[in-house]
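Residue numbers (this note's numbering), protein chains in the order written: chain A, -3 to 233; chain B, -3 to 233. Even glycine gets a Cβ: it sits at the ideal position worked out from N, Cα and C. Shown next, in structure tokens, is the structure this report addresses.
2 protein chains.
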Amino acid sequence: MVQQADAVRRVPLSRDRVLRAAVALADDAGIESLNMRRLAQELGVVPMALYKHVANKDQLLDGMVDVIVGEIHPPVHGADWKSAVRQRILSARRALLRHPWASRVIESRVTPTPVVLEYMDSVIGMFRTGGFSVDLTHHVMHAMGSRILGFTQELFGNTPSVDPETQAVMLREMAGKYPYVAEIAIAASHDEESVVGSGCDDQFEFELALDLLLDGFERLQQQGWTSTDQARRGDST
Amino acid sequence: MVQQADAVRRVPLSRDRVLRAAVALADDAGIESLNMRRLAQELGVVPMALYKHVANKDQLLDGMVDVIVGEIHPPVHGADWKSAVRQRILSARRALLRHPWASRVIESRVTPTPVVLEYMDSVIGMFRTGGFSVDLTHHVMHAMGSRILGFTQELFGNTPSVDPETQAVMLREMAGKYPYVAEIAIAASHDEESVVGSGCDDQFEFELALDLLLDGFERLQQQGWTSTDQARRGDST
DNA sequence: AAGCTAGGTGTACGCCGTACACTTGTCAAG
DNA sequence: CTTGACAAGTGTACGGCGTACACCTAGCTT
């Protein structure tokens, strides 16, 4: 009887259930209240039970990020690159707004998960199929940076102490799953030898984005832009 | 004798010495190794001694940010707004590059310190004296966001549960020290009532910055831009 | 000489992530 | 029907963290 009651009440744990509970807890109580003990309690389970489904707290956070990235709408078809990118990014933003803790967590992750990589690949693909060169797309992605995408920030940045051979193997492997990401990674590493390792000249990227914005500001100022010029798109799909 | 030796070896602690030691420790051992015990040990002192000079760890981090912001070069005079802003921001970036932990810490702070506010005010002032309207400057600052300045992100964003009266008093007080910041804050709060509280339409700001960048990318793509087009400014003042 | 005070000390508490050894529930093979 | 292997959940415990709080002490003021 007791066993039956237990059997009824106890939905078995699973990685998925743990992640969803963690997201819900972070949404409700704030990310600072998310700890293994509290999460376990929320699931009616002892803290250490969680470790049968996630390796540690970092992997838990990675999984939570994947849940949020999974909420981003898939790309729309049949639109020009610009509005397709725009819609996708605004969808990503909506996902982040729904979970205010998410951007901070995303920024704190050290390596992108496959889910994140797939999202990246798809956004890069929009530029590529929209007629952008690999080179330009590469720098565009840097210019977007974490601000617009919600994350990314140094994707190929620092993978130090990996011999070129293994790196090449990993790259080839990646090319199957994330062709657009790989394309850019290859271009970047072939790019120039002045930069050590996985060559992205971070300073160059920074200045490019800065100058793009400054030029844009100048244009706005010269044409007497005011914020009431344009109807503020309220819902903006 | 012992007392003398002690007196000789023991440079008395001070808030400043604590902050410098903390910055040095974060530089050397990484921000994740910075904790009160370790920092105290580095200063040859017992952990609790630190609390006579900083209220808690959060204030310690605030102080460390102030040290870093203090490293940013003062504004140059006699240059057009664009290159003045550019130089200032690149100087801020250099400071952040010198202390890789700093951007993460800055982003984690909840309220800007006076030192940070002063930096903000001075950058805003560059746009204003460069002929930018309050309105445009406001949105420009949002567009820059944390990516370019290294921080800022929601300066007037969320000060909930403060009655308008106190808010007005605080604003007037601020206007003395940070006139440009106040100017924008006032404009923003008068702006529209559709937005509750301290009205910055975050969605509008986000889309403005996004569209500025997308338009810039489009222009680059149409004119066949490649990254080798321009000499990469290596040292860049 | 008396006593106040700023600065440094020592102990202790509660919260955190998680290692490790254990029990238990489930199901396949004998 | 028994057995035993394996996956899932438990319990205890440890070390690291921030910091409250009571204490000591050197040096200055009166």
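Task: Beta carbon of ARG105 (chain A) nearer than 8 Å to that of VAL61 (chain A) - done: At the C-beta level, ARG105 (chain A) and VAL61 (chain A) come within 8 Å of one another.
Open item on the list: Considering only heavy atoms of the ligand ATP, does any lie closer than 7 Å to the CB of SER129 (chain B)?
Closed with: The ligand ATP is not part of this structure, which contains no ligands at all.
Task: C-alpha distance - LEU216 (chain B) paired with PRO110 (chain A), whole-angstrom precision - done: Near 30 Å, if we compare the C-alpha coordinates of PRO110 (chain A) and LEU216 (chain B).
Open item on the list: Using 8 Å as the cut-off, can you tell me whether the stretch 115 to 134 of chain A makes contact with the stretch 66 to 86 of chain A, which would need three or more C-beta pairs spanning the two stretches below that distance?
Closed with: The stretch 115 to 134 of chain A is in contact with the stretch 66 to 86 of chain A.
TODO: Please state whether DSSP places ASP76 (chain A) in a helix, a strand or coil.
DONE: coil
Open item on the list: For the stretch 72 to 84 of chain B, list every residue whose C-beta sits within 8 Å of some C-beta in chain A, in sequence order.
Closed with: LYS78, VAL81, ARG82
- [ ] Determine whether the Cβ of LEU9 (chain B) lies closer than 8 Å to any Cβ atom of chain A.
- [x] no
Open item on the list: Please state the DSSP three-state secondary structure of PRO160 (chain A).
Closed with: helix
Task: Sub-8 Å separation of THR222 (chain A) and ASP198 (chain B) beta-carbons - done: no
Task: Closer than 8 Å to chain B by CB, MET140 (chain A) - done: yes
Open item on the list: By the three-class DSSP mapping on this structure, what secondary structure does GLU67 (chain B) have?
Closed with: coil
TODO: Establish whether the CB of ASP23 (chain B) and some CB of chain A are separated by less than 8 Å.
DONE: no
- [ ] Could you give the DSSP three-state label for GLN55 (chain A): helix, strand or coil?
- [x] helix
- [ ] Pick helix, strand or coil for LEU21 (chain B), following the three-state DSSP scheme.
- [x] Note: LEU21 (chain B) maps to helix in three-state DSSP.
TODO: Classify ASP211 (chain A) as helix, strand or coil using the three-state DSSP reduction.
DONE: helix
Task: Interface positions of the stretch 214 to 226 of chain B facing chain A (Cβ-Cβ less than 7 Å), listed along the chain - done: GLU214, LEU216, GLN217, TRP221, THR222, SER223
Task: Under the three-state DSSP convention, the category ARG105 (chain A) falls into - done: Coil.
Task: ASP225 (chain B) versus GLN219 (chain B) - alpha carbon distance - done: If you draw a straight line from the Cα of ASP225 (chain B) to the Cα of GLN219 (chain B), it comes to about 11 Å.
Task: Counted within 10 angstroms of its Cβ, other Cβ atoms place ASP117 (chain A) as buried (16 or more) or exposed - done: buried
TODO: Pull up the distance between the alpha-carbon of ILE102 (chain A) and that of SER185 (chain A), whole angstroms please.
DONE: 25 Å
Task: Simplified DSSP state of HIS95 (chain B), which is helix, strand or coil - done: coil
Task: Among B:MET122, B:THR162, B:VAL136, B:GLY172, the one whose alpha carbon lies nearest that of GLY212 (chain A) - done: B:VAL136
TODO: State yes or no: is the C-beta of HIS95 (chain B) within less than 8 Å of the C-beta of ILE64 (chain B)?
DONE: yes
- [ ] Can you tell me which of the three DSSP states PRO110 (chain A) falls into?
- [x] helix
Task: Inter-residue spacing [alpha-carbon to alpha-carbon] between ALA139 (chain A) and MET140 (chain B) - done: 12 Å
Open item on the list: So with CB distances below 8 Å, who are the chain A contacts of SER118 (chain B)?
Closed with: None at all; the shortest Cβ gap to chain A is about 17 Å.
Open item on the list: So, at 8 Å on beta carbons, what are the nonlocal neighbours of SER87 (chain A) in its own chain, with the 5 sequence-adjacent residues on each side left out?
Closed with: Around SER87 (chain A), the same chain offers ILE68, HIS69 as residues with beta carbons nearer than 8 Å, after the five sequence neighbours per side are excluded.
- [ ] Could you work out which residues of chain A lie near VAL136 (chain B), taking near to mean beta carbons separated by less than 7 Å?
- [x] Under the 7 Å cutoff, chain A gives PHE213.
Open item on the list: Counting only C-beta atoms, is ASP58 (chain A) closer than 8 Å to chain B at any point?
Closed with: no
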